[in-house]
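K.L.:
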Amino acid sequence: MLRIRDKKVLVLAPHTDDAELGCGGTISRLLEEGNEVYCAAFSACKQSIQKDHPEDILITELYAASQSLGIAGDKLLLFDYEVRTFNFRRQEILQDILSLREQIKPDIVFVPSINDIHQDHYTIAQEAVRVFKFSTLFSYELPWNNFEFKTTAFISLEERHVLRKTEALKHYRSQSHRQYMQPEFVKSLAVVRGVQAGVDFAEVFEIVRLIL
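So, in structure tokens, the structure goes:
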């Protein structure tokens, strides 16, 4: 089993829960193996929060979930773009991603699929490809948004990594009504991807660019 060590890793999340959903188990494993993991979320979705929650609830939940996974507070970055408007603010987003590249200089970058049908996810993926064309770049899986997804890279997980992912997602109580947030779904998907890779559990990624 290939181990990744002593690397700087950046996860770009269009919205506050996307990093945990797409690669929470992988983040847990990478941290366990001594890598430096940064996460940048671009929107706390204040405009679409249900009325029985404060508009900044996802910010609170993000910090709790990230702490649960083991992401250091100084490695968590949050921008304030309005949800579903990213395609109108591409240049600003591009500049923010460029700044992240210069600030962090990551070896490995995780982004949504370049075929993701959500307009915010698509914009982040497209601008990240522009910025990180000389870095190893993986797209993470969000199957409810991915009509097409090439399962070209698997990262094997232990059960503890999947458990940390589900525990992190539990902090998003404002999103608990969503089917894909349920622990049973998260674990089942990790089992399916594990079967495809010949291991107990895994997360799957598209290889956008691999530099060895």
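With the numbering used here, you'll find the sequence shown wraps up at 219, consecutive numbering, no jumps.
Note that beta-carbon positions come from the ideal geometry of N, C-alpha and C, so glycine has one too.
Going by beta-carbon coordinates alone, are Asp59 and Val90 separated by less than 8 Å?
P.N.:
No, the pair does not count as a contact, with Cβ atoms beyond the cut-off.
K.L.:
Whole angstroms is fine: what's the gap from Gln189's alpha carbon to Ala197's?
P.N.:
Whole-angstrom Cα-Cα distance: 13 Å.
K.L.:
With a 10 Å radius around its C-beta and 16 neighbouring C-beta atoms as the bar for buried, classify Glu213 as buried or exposed.
P.N.:
By the 10 Å Cβ count, Glu213 comes out buried.
K.L.:
Whose C-alpha, out of His22, Arg12, Leu217, Lys15, is nearest the C-alpha of Pro119?
P.N.:
Minimum Cα distance to Pro119 is reached at His22.
K.L.:
Alpha carbon to alpha carbon, what distance is there between Leu38 and Gln250?
P.N.:
In the structure as shown, the chain starts at 8 and stops at 219, and residue 250 therefore has no counterpart that could be examined.
K.L.:
Any beta carbon of chain D sitting closer than 8 Å to that of Asp207?
P.N.:
Looking for chain D here will not work: only one protein chain is present.
K.L.:
Report the option in Ile121, Thr173, Gln57, Leu101 whose CA atom is closest to the CA atom of Phe86.
P.N.:
Phe86 has its Cα closest to that of Leu101, out of Ile121, Thr173, Gln57, Leu101.
K.L.:
For Ala72, is the classification buried or exposed, using 16 other Cβ atoms within 10 angstroms of its Cβ as the cut-off for buried?
P.N.:
Buried is the call here.
K.L.:
Which residues does DSSP list as the beta-bridge partners of Asp123?
P.N.:
In the DSSP output, where bridge partners are listed per residue, Asp123 has Asn153.
K.L.:
Less than 8 Å between the CB atoms is what I'm expecting for Cys46 and Leu83, so what's the real figure, rounded?
P.N.:
Correct: roughly 5 Å between the Cβ atoms.
K.L.:
Does the distance from the C-beta atom of Thr33 to that of Ile162 stay below 8 Å?
P.N.:
The answer is yes: Cβ separation under 8 Å.
K.L.:
State the Cα-Cα distance for the pair Asp114 and Val18, rounded to the nearest angstrom.
P.N.:
Using only the alpha carbons, I get a separation of about 11 Å.
K.L.:
To the nearest angstrom, how far is it from the Cα of Ser50 to the Cα of Leu69?
P.N.:
So the two alpha carbons sit approximately 11 Å from each other.
K.L.:
Give the C-beta separation of Ile131 and Phe93 to the nearest angstrom, bearing in mind that I take them to be a contact with Cβ-Cβ under 8 Å.
P.N.:
About 7 Å separates the two Cβ atoms, so the contact holds.
K.L.:
With a threshold of 6 Å on Cβ separation, who are the neighbours of Glu208 within its own chain once the five nearest residues in sequence on each side are excluded?
P.N.:
Reading off the sequence shown, one finds Phe at residue 208, where the question assumed Glu. The residues are Leu164, Val169, Ala197, Gly201.
K.L.:
How big is the Cα-Cα spacing for Glu148 and Glu210?
P.N.:
For Glu148 and Glu210, the distance between alpha carbons rounds to 8 Å.
K.L.:
Candidates Asp13, Gly205, Val215, Ile11: which alpha carbon is nearest Ile121's?
P.N.:
Checked all of Asp13, Gly205, Val215, Ile11; the closest Cα to Ile121 is Val215.
K.L.:
Check whether the Cβ atoms of Ile11 and Glu43 sit closer than 8 Å, and answer yes or no.
P.N.:
The answer is no: Cβ separation not under 8 Å.
K.L.:
Quick check on Leu76: buried or exposed, where buried means 16 or more other Cβ atoms within 10 Å of its Cβ?
P.N.:
Leu76 is buried by the Cβ-count criterion.
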